[in-house]
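Throughout the sequence shown, residue numbering follows the working numbering, covering 310 to 402 in sequence. Virtual Cβ for every residue (Gly too), placed ideally from N, Cα, C.
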Amino acid sequence: MVKSIMQTDKECYITHSRINLHKHHIFYGTANRKKSEKWGCWVYLTAEYHNMSDYGVHFDKDLDLRLKRECQERFEALYGHDMFMMVFHRNYL
Numbered sequence: 310m311v312k313s314i315m316q317t318d319k320e321c322y323i324t325h326s327r328i329n330l331h332k333h334h335i336f337y338g339t340a341n342r343k344k345s346e347k348w349g350c351w352v353y354l355t356a357e358y359h360n361m362s363d364y365g366v367h368f369d370k371d372l373d374l375r376l377k378r379e380c381q382e383r384f385e386a387l388y389g390h391d392m393f394m395m396v397f398h399r400n401y402l
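Written out as structure tokens, the structure is:
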């Protein structure tokens, strides 16, 4: 498993809890999930912030976009904008 480019500790990216964690691929969908895994574009979230509440990332478009933007910024700091566009084909900033 490739390490996350977003965090170093195994804790919820939002709450910092270490209990009941789910791995969230920031760019999801069939092709993008694999790319997220390959490039480390994922975070740990509690079940609530993942998909078990109305404010979870899969139901909250603002939180989803926030994570995509933060991940794009981190990715580009490591690999550059052109590489991000080549891999994910969309600009979230």
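Going straight from the alpha carbon of Leu374 to that of Phe384, what length do you get?
Taking the first residue of the sequence shown as position 1, residue 374 is located at position 65. Taking the first residue of the sequence shown as position 1, residue 384 is located at position 75. The C-alpha of Phe384 is placed about 15 Å away from the C-alpha of Leu374.
Kindly list the residues whose CB is nearer than 8 Å to the CB of Ile328, restricted to its own chain and excluding five residues on each side of it in sequence; keep chain order.
For the purposes of this step, residue 328 is taken as residue 19 along the sequence shown, with counting starting at 1. The residues are Thr355.
Would DSSP call Leu354 helix, strand or coil?
By 1-based counting over the sequence shown, the position of residue 354 is 45. In the structure shown, the three-state DSSP call for Leu354 is strand.
To the nearest whole angstrom, what separates the beta carbons of Cys350 and His331, a pair I think is in contact under 8 Å?
Your numbering for residue 350 matches position 41 in the sequence shown. Your numbering for residue 331 matches position 22 in the sequence shown. The C-beta distance from Cys350 to His331 rounds to 15 Å, too long to meet the 8 Å contact threshold.
Top-ranked residue by Cα proximity to Asp371, from Leu387, Met310, Tyr401 and Gln316:
For the purposes of this step, residue 371 is identified with residue 62 of the sequence shown, where counting begins at 1. Answer by Cα proximity: Tyr401.
Selection from Thr339, Lys343 and Lys377 that minimises the alpha carbon distance to Val311:
Here residue 311 refers to the residue found at position 2 of the sequence shown. Per the Cα distances, Lys343.
I'd like the span of the alpha helix (DSSP H) that includes Leu372, first residue to last.
Numbered from its first residue, the sequence shown carries residue 372 at position 63. Going by DSSP, Leu372 is part of the alpha helix (DSSP H) stretching over Lys370 to Tyr388.
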